[in-house]
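Numbering (the numbering used here), first residue to last: 2 to 354.
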Amino acid sequence: MNAAENINLDNSEPIPLICVYSTNPSGWQWFAADTIGKARWQFHTEEPRSFLERLIQRPKLSRIMGAVRCVRSARRERAVAIAAHSSISTFWISIAMRLFGQSAPLLSFSFHFPELPAGPRRWIMTQAFSQVRRFTVHSEPERARYANHFGIPLERFDLVRWGVAPPEPADPNEAPIVSGSYICALGKDGRDYPPLIRAMESLPELTLVVVAQPDNLAGVVPPKNVKLFCDIPWNQAMNILRHSQFMALPLETDETSCGHITLVLAMFCRKAIVATASSGIADYFPANYDSPKVQAKDIAGWAESLRAMASDPARRERCVALAEPFAHACCSHDSVLASTLEVFRKAGIEIPA
2 MNAAENINLD NSEPIPLICV YSTNPSGWQW FAADTIGKAR WQFHTEEPRS FLERLIQRPK
62 LSRIMGAVRC VRSARRERAV AIAAHSSIST FWISIAMRLF GQSAPLLSFS FHFPELPAGP
122 RRWIMTQAFS QVRRFTVHSE PERARYANHF GIPLERFDLV RWGVAPPEPA DPNEAPIVSG
182 SYICALGKDG RDYPPLIRAM ESLPELTLVV VAQPDNLAGV VPPKNVKLFC DIPWNQAMNI
242 LRHSQFMALP LETDETSCGH ITLVLAMFCR KAIVATASSG IADYFPANYD SPKVQAKDIA
302 GWAESLRAMA SDPARRERCV ALAEPFAHAC CSHDSVLAST LEVFRKAGIE IPA
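Now the structure itself:
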């Protein structure tokens with residue numbers, strides 16, 4: 002499949018064309034299959050097309066040229082909108098639109114910063130983002146955070162939760178990678194594993210299995226009841242999640258907006274969750290979810306909460322009973338499709354459901 006693929010879905014009458022730019026692989030088609038006969042989608046990526054694009058990484062030339070190709074195609078084929086996925090894709094699309102005089106509405110999806118830009122970078126991005134018609138973020142607090150930081154009206158930001166496909170059913174004969182009863186903790190972005198691991202020192206009766214990246218665990222010396230896995234395949238990480246007793250989600254601050262996909266996957270796998278009390282993940286828990294919330298970096302709080310959840314199977318079951326239907330209703334493909342089409346409608350682009 003080419004880096005730019007024009008999904009021509011109906012020849013009976015003109016159908017609006019939307020050019021999409023993302024860092025996803027070239028085979029990714031977003032909601033094209035759900036809107037057959039209602040919209041045409043042309044997909045562009047940052048995959049390199051030349052030796053220079055493969056060579057030059059700072060700045061990433063293939064990302065810049067991918068944005069240029071997307072904007073030029075949108076102008077040539079009179080696209081009704083450009084949809085950019087991620088904050089960095091939005092930035093380069095905005096720059097390219099200014100260079101080529103493209104005036105089609107720019108919509109930014111999955112707009113997110115693990116750390117807000119500062120100094121000259123903030124100023125440059127503020128100028129670029131000022132022309133974005135609508136932004137989507139994956140948690141409610143991010144709306145105000147980015148609006149205030151970049152001087153953008155709050156009403157341009159929409160909450161669209163992550164859409165997560167339920168994992169494939171596990172093989173009933175699947176053997177656990179880690180034997181015995183254990184708590185799991187998975188993921189990399191925005192994670193703060195050291196306090197969680199320190200808490201395990203006072204819980205010798207429990208076992209914690211962490212799946213992360215080396216950067217997450219720099220300088221960590223785990224006690225005997227903590228097992229660390231780095232850079233393991235997806236199927237192995239899912240095996241660890243499926244066979245765990247419940248999941249812990251330690252985040253860096255009380256505002257960190259990361260871990261959403263991991264949360265939903267745990268819900269689909271019928272696992273209760275003990276998490277940092279972060280406003281950035283509050284939209285991913287159903288009402289009355291009866292699970293401890295731990296203050297950021299609170300070692301004693303983690304120890305107390307893990308012990309409480311591990312000793313209360315009825316409480317874990319209550320969490321599962323609320324969370325699994327919530328994940329299907331609010332974080333499924335269909336719910337996110339409906340929310341995404343509403344964002345296009347707010348930008349003046351009607352795509353029937």
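Glycine included, each C-beta is placed from N, C-alpha and C at the ideal position.
Whole-angstrom C-beta distance between residue j and residue i, which should lie under 8 Å
| i | j | result |
| --- | --- | --- |
| F158 | R144 | 4 Å |
| E141 | D284 | 5 Å |
| I94 | V72 | 6 Å |
| L250 | T263 | 7 Å |
| F48 | S23 | The residue asked about is misnamed: residue 48 is Glu in this sequence, not Phe. 11 Å between Cβ atoms; not a contact. |
| F112 | F136 | 5 Å |
Candidates the options, of which the one nearest residue i by Cα
| i | options | result |
| --- | --- | --- |
| A85 | A105, R79, L307 | A105 |
| R50 | I37, G67, Q296, I282 | G67 |
| C185 | M248, H139, N149, A176 | M248 |
| H139 | V133, V165, F151 | V165 |
| E116 | M98, R243, Y147 | Y147 |
| N240 | A75, P170, V265, I16 | P170 |
| Q237 | A219, W303, V210 | V210 |
| W29 | P17, H45, R99 | H45 |
| L204 | S74, L108, A304 | A304 |
| I350 | Q132, A80, R70, A75 | A80 |
| R99 | Q132, E78, A82 | Q132 |
Cutoff 7 Å; reference residue i; Cβ partners in own chain excluding five residues on either side
| i | result |
| --- | --- |
| F92 | M126, A129 |
| P287 | L323, A324, F327 |
| L53 | L62 |
| N9 | Any reading at N9 needs caution, since the residue's pLDDT is 46, under 50, leaving its predicted position unreliable; the model's value is listed next. Contacts found: R41. |
| P154 | A148 |
| A278 | D255, K294, V295, Q296 |
| A97 | A68, V69, V72 |
| L307 | I184, A200, L204, L207, A249, V275 |
Close beta carbons around residue i, own chain, < 6 Å, minus the five adjacent residues each side
| i | result |
| --- | --- |
| P215 | C231 |
| I300 | P196, R199, A200 |
| G281 | S140, P142, E256, T257, S258 |
Threshold first: 3 residues or longer. Then list the beta strand (DSSP E) segments lying entirely within the stretch 70-110, N to C. 82-86, 107-110
Runs of 4 residues minimum, wholly inside the stretch 246-307: which ones carry the alpha helix (DSSP H) assignment? 261-269
Using 8 Å as the cut-off, can you tell me whether the stretch 292-305 makes contact with the stretch 229-240, which would need three or more C-beta pairs spanning the two stretches below that distance? no
Assess, as a yes-or-no matter, whether the stretch 321-341 is touched by the stretch 255-269 under the definition of 3 or more beta carbon pairs within less than 8 Å. yes
Any chance the stretch 174-182 sits against the stretch 191-203, with 3 or more Cβ pairs inside 8 Å? no
Validate contact between the stretch 305-316 and the stretch 336-354 using beta carbons, cut 8 Å, 3 pairs: no
With a floor of 3 residues, list each beta strand (DSSP E) that falls wholly inside the stretch 145-182, ordered by position along the chain. 158-160
Residue ranges of each alpha helix (DSSP H) run of no fewer than 4 residues wholly in the stretch 190-229, ordered along the chain? 194-201
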